[in-house]
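Take a look at the structure set out below.
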Amino acid sequence: MVRETWVLASHNAGKIKEMEQILAPFGVTLKSAADLDLPEPEETETTFRGNAALKARAACEATGLPCVADDSGLAVDALGGDPGIYSARWAGEPRDFQRAMQRVDTELSRAGVPDRTARFVCTIALARPGSEVRFFEGEVVGEIVWPPRGAGGFGYDPIFQPLGHDITFGEMSADGKRQLSHRARALDAMIAAEFGS
Numbered sequence: 001m002v003r004e005t006w007v008l009a010s011h012n013a014g015k016i017k018e019m020e021q022i023l024a025p026f027g028v029t030l031k032s033a034a035d036l037d038l039p040e041p042e043e044t045e046t047t048f049r050g051n052a053a054l055k056a057r058a059a060c061e062a063t064g065l066p067c068v069a070d071d072s073g074l075a076v077d078a079l080g081g082d083p084g085i086y087s088a089r090w091a092g093e094p095r096d097f098q099r100a101m102q103r104v105d106t107e108l109s110r111a112g113v114p115d116r117t118a119r120f121v122c123t124i125a126l127a128r129p130g131s132e133v134r135f136f137e138g139e140v141v142g143e144i145v146w147p148p149r150g151a152g153g154f155g156y157d158p159i160f161q162p163l164g165h166d167i168t169f170g171e172m173s174a175d176g177k178r179q180l181s182h183r184a185r186a187l188d189a190m191i192a193a194e195f196g197s
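Going by UniProt numbering, the first residue of the sequence shown is number 1, and it counts up by one from there.
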């Protein structure tokens, strides 16, 4: 098996751990932007795809290595797709996802509609030196529950219950979430394209 070193353009420890586990069997050693002291570029695009590409290109140019970046978030139907690309920023600085989850529930209550349908969306961009950026997408549909349940996962996982399940991502094992998650689905598409699996 050919071993390659890739850079994950992220400082998110949960995301780094998840992607390391998924890519290791394919001979990919993953370094994070934090490992390499790469700055986080400002996400100035208006779409998941645009922000993923911006981060992947910046890391690829800085390191000369293949770089993978994702932009992902929670899109709540009754909130017009918010928090969407602003999912991390809804958590404020320093990032406080307890506050962000409370805000989602507060905004839904304020909207006064019973629809709590939501989806986690992920777009992965893979930038290789001298090549066009390639994109891979994944999505999982579910609903917002309140109060938060479970201490697993990260971000909005404790308030997201995937369709057909009676537990949240926060209550699932890492393997259980891996079977369903938006990021896993986007990674599966990338792995199929890159490694033929």
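Glycine residues also receive a C-beta, built at the ideal position from the N, C-alpha and C atoms.
C-alpha gap between residue i and residue j, whole angstroms
i    : j    : result
G112 : R99  : 20 Å
A53  : E61  : 12 Å
Q161 : I167 : 6 Å
S173 : R128 : 33 Å
V141 : D105 : 17 Å
E107 : S72  : 20 Å
K31  : S10  : 10 Å
A193 : L126 : 11 Å
D70  : P114 : 31 Å
E4   : W146 : 43 Å
G196 : F135 : 16 Å
A151 : G92  : 20 Å
G80  : N51  : 19 Å
Integer-rounded CB distance, given that residue j should sit under 8 Å from residue i
i    : j    : result
E139 : R185 : 7 Å
L38  : A59  : 6 Å
V7   : T63  : 5 Å
W90  : R103 : 6 Å
Buried versus exposed, by CB contacts within 10 Å (16 or more), residue i
i    : result
H165 : exposed
G155 : buried
F120 : buried
R183 : buried
G66  : The amino acid at residue 66 is misidentified as Gly; the sequence shows Pro. Buried, by the Cβ-count rule.
G153 : buried
A33  : buried
Pair within 8 Å by beta-carbon distance, residue i and residue j
i           : j    : result
F48         : T117 : no
G176        : D157 : no
L187        : I22  : yes
I191        : F26  : yes
residue 226 : A75  : Look at the range of the chain in this structure, 1 to 197, and you will see that residue 226 is not part of it.
P148        : M101 : yes
A189        : E143 : no
Residue i Cβ short of 7 Å to the ligand HEM heavy atom set
i   : result
A69 : What this structure holds is no ligand at all, so the ligand HEM is not there to describe.
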